[in-house]
Amino acid sequence: MANQTLPRCPVAGECWDLEYLTEDHPNFGSQRRVTVGTLQRATGAYLVHLLSKHPALRGLGIGVVTAHKLNAAHPDLLDILAARNADALHELDEDIAFELCERWSALALEPDVIQWLGEHALPPRIASQILAIYGPDSVTVMASNPYVLLPFVDFGILDKVARNNLSVEEHDPRRLVAYVENVLYKDIAKGNTAMLRADLLKELRDSLSGLAEHAIELALEQTVIFARGDCIQAYAPALMERELEEWAKKAICPTQQQEMLIEDEGLGPLLDKDTNSTTLSGEQRDAVLGAMSSRVYCIAGGAGVGKTTVLRMLAQMIVSLQGTACFMSISGRATRHIAEALGPELTNRCTVKTVTGYLHFVARELPRDSSPWLIVDEASMLDLQNAYRIISRSPQNSRLLLVGDPHQLPPVGPGLVFQRLVAERVPGTELTRIFRQAEASGIPQVAQVIRLGQWPTIPRFKSIGHGVQYHPTEDAIGDGIRIRDMLAEAGEEVQILTLFRGKSGAGEVNAVMHARVPKDIARLTYPVEIAVGEPVIFGRNDPKLDLQNGSIGTVLSVEDGGMIVRWDDGIERRIEGAALWNCELAHGITTHKAQGSQYERVVVLVPRRSVILDRTLLYTAITRAKQQAVLVGDIDAVRKAIIAATNADKRTVLFFTGI
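When you read off a place in the sequence shown, starting at 1, and then add 622, the result is the number in the numbering used here.
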């Protein structure tokens, strides 16, 4: 509710003016639904409450009693704080008074920013982001050039505000530059980090006619864009690609290697000691030794080639050397698989986090003169922004190891970091040998053919079995559910994977499956309808619940507006309150959500051709299965997608291209 109606979620100590409607809910009785909410300036008793309760002021030692004294002693307390006149606050220690005034500035400015945004029908929820960038000058900056909000607000909306409210002329330089940035931002949303100048001109001419070249030159002069070869880049991707490329080139140069790293002669015997009864292939051995003796290293390989074994051996080696190992992945579920692969002992001696968790909770605590191993699993999912953050926020002498399959789905965000590093032959090892336990399913062999852009020889689906089969049909959802039911009769885990979220995708699958649940089965009705026995997927990382984005579970019971769920880690947890908003039915999930996970059997629905359907999506989908994968739907669309160029191949990126 807060995310839809209020600028942001209220926090303790704040004063909000709320408008609401009263409604009767069938399960929860009379409810008040907020329709409008405005953050107010705190005065009187509200000011006392804010000073003593607001999270931003924690640690200053200002409790209710002290806040009352300040308010009583200074009728003009708000003016004192706004002026940062710490000397006037005699009731406080000098350092505390100074710190209070510093922290107060952001709190006091937010209502002004929210008010300005509201007056111009712009989303107040971006106020905190604007304040973080422009600070005390936020309102002045927005008023002088509303197009600075382009990263947060649609260009059409900003242009209307600028033209109608702030008297910006059609040919105003601010508007022309914003037009250029807007086209580039739209292109970034497609996964690109650069745009051919010719394509940019073509896009601009449709709107700016004879001013397209002039607009580009203005943007170049103001350094909000950069020219690189035949391409144009927006400021952020240009900065991140160049910084990351320079770091990688410096890290792999011979001088750096000699200064930083462990002598190879001592690694072999240590590896032999640590492997004990584990037998490594020659490729796996090379991968471990290479990763241990390089500052930047890539380990690439498809399904069943033993990447998990390599990760476990790396952890053991680093621990033996008393080093620091930080394992991470983009998705929470993939991170959990890392922990399971390492085992409790190694997990306790290493750091295992999502990339977000590493950046927020681990990177800042690492000594700046340390040289930890930063190991990113499922690295094909790593976008440019996260790769840049890992390098820029980590110690300068960090070692970076990327492990993954470059033929899986590319990152959701822009860039192709892992894919480009592998293609450019930075130090690395490609694992190609498929191990017996994976080979038996037949899935890795089919996946390898798909990786090459060829249509594999696969049989039609008949019954439960092993490997990859197909079932042509015009009713992908109906037949897919029927096949899912047939496979589930064996009592093994079966997951339906889809291309889309809504119609013809996961949403429709979940609606059909949910409708089959008998009406007398207990169920949750708000905020989503979920019945006992149904699968659910969690949509965010929640440290308090110890659940990750992509965690899947089964509802065991429903009571008191919450539900008990047994999750995929075997633990039963009660989900209630705001956490319920993060739960969805999971009879069907998108392949993107499944990336980094594995299931015994998968049913992959391909109802029709689509621009998002390509070889990497199909490859990723079938390699989610350990035993059996069944492609259901438009098989001609599947065949054409496999032999065509991938969507990743169509991305324009300049990272490690030599431009």
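Positions of the beta carbon are idealized from the N, C-alpha and C atoms, including for glycine.
None of the values given here were measured: they were computed from a predicted structure.
Asked, Found
"Going straight from the alpha carbon of T1095 to that of T1176, what length do you get?", "30 Å"
"Tell me whether the beta-carbon of L1178 lies closer than 8 Å to the beta-carbon of T1213.", "no"
"Taking all protein chains shown into account, decide if N970 is buried (16 or more other Cβ within 10 angstroms of its Cβ) or exposed.", "exposed"
"Look at the Cβ atom of L788, then the Cβ atom of P768, and state whether they are nearer than 8 Å.", "yes"
"Could you check the C-alpha separation between G1050 and V1090 for me, to the nearest Å?", "30 Å"
"Check the DSSP bridge columns for M950 and list the partner residues they point to.", "K975 and V998"
"Does DSSP put Q1067 in a helix, a strand or coil?", "helix"
"Report yes if the C-beta distance between D1164 and A1201 is below 8 Å; otherwise report no.", "yes"
"Hey, would you say S916 sits closer than 8 Å to L889, going by beta carbons?", "no"
"What are the partner residues of M1135, as DSSP defines its beta bridges?", "According to DSSP, which records beta bridges pairwise, M1135 is partnered with nothing at all."
"Which residue spans inside the stretch 1069 to 1142 form an unbroken alpha helix (DSSP H) run of at least 4?", "1098 to 1110 and 1128 to 1137"
"Hey, could you find the ends of the alpha helix (DSSP H) R864 is sitting in?", "Y857 to I874"
"Is the Cβ-Cβ distance between R1261 and W1077 less than 8 Å?", "yes"
"Verify whether the separation of the beta carbon atoms of S1002 and P1028 is less than 8 Å.", "yes"
"Could you pull the DSSP bridge partners for Y1221 from this structure?", "A1247"
"Buried or exposed: which applies to E881, given that a residue is buried once 16 or more other Cβ atoms fall within 10 Å of its Cβ?", "Low confidence applies to E881: its pLDDT is 46, below 50, so where it sits in the model is not reliable enough to give any reading."
"Give the single residue among S1219, F1040, P629 and I1105 whose Cα lies nearest to the Cα of A1270.", "F1040"
"Give me the DSSP bridge partner(s) of G1210.", "I1118"
"Identify whether S1173 lies in helix, strand or coil by the three-state DSSP scheme.", "coil"
"Sort I1065, G635, Y1010 and V802 by Cα distance to D828 and report the nearest one.", "V802"
"Could you check if V686 is buried or exposed, using at least 16 other CB atoms within 10 Å of its CB as the buried criterion?", "exposed"
"Would you call E1156 buried or exposed, if buried means 16 or more other Cβ atoms sit within 10 Å of its Cβ?", "buried"
"Quick one: what's got a C-beta closer than 8 Å to S1016's C-beta in the same chain, skipping five residues either side?", "A985, L988, P994 and L996"
"Run through DSSP, which three-state label would P1157 get?", "strand"
"From what residue to what residue does the alpha helix (DSSP H) around R725 run?", "E716 to E741"
"Can you name, in chain order, every residue of its own chain whose Cβ lies under 6 Å from the Cβ of A1144, other than the five neighbours on each side?", "V1154 and V1180"
"As a quick exercise: from T1274, F1278, T1279 and V1071, pick the residue whose alpha carbon is nearest that of M817.", "T1274"
"Is DSSP giving T1279 helix, strand or coil here?", "coil"
"State buried or exposed for K1272, treating a residue as buried only when at least 16 other CB atoms are found within 10 Å of its CB.", "exposed"
"Quick check: the Cα distance between W638 and I1105, rounded to an integer number of angstroms?", "53 Å"
"Mapping DSSP to helix, strand and coil, what is A664?", "coil"
"As a quick exercise: from K1215, G1199, G1280 and L1146, pick the residue whose alpha carbon is nearest that of S1170.", "In the sequence under discussion, the amino acid at residue 1170 is Gln, which differs from the Ser named in the question. Of the listed residues, the one whose Cα sits closest to Q1170 is K1215."
"Determine the closest residue to E865 out of H1136, I1013, D908 and L798, with distance taken between C-alpha atoms.", "I1013"
"How big is the Cα-Cα spacing for T973 and R1196?", "27 Å"
"Can you name the residues that DSSP bridges to G923?", "L1053"
"Apply the 10 Å Cβ neighbour rule to D886 and answer buried if 16 or more other Cβ atoms are within range, or exposed otherwise.", "Caution is warranted here: a pLDDT of 49 is assigned to D886, below 50, making its placement in the model unreliable, and no coordinate value can be reported."
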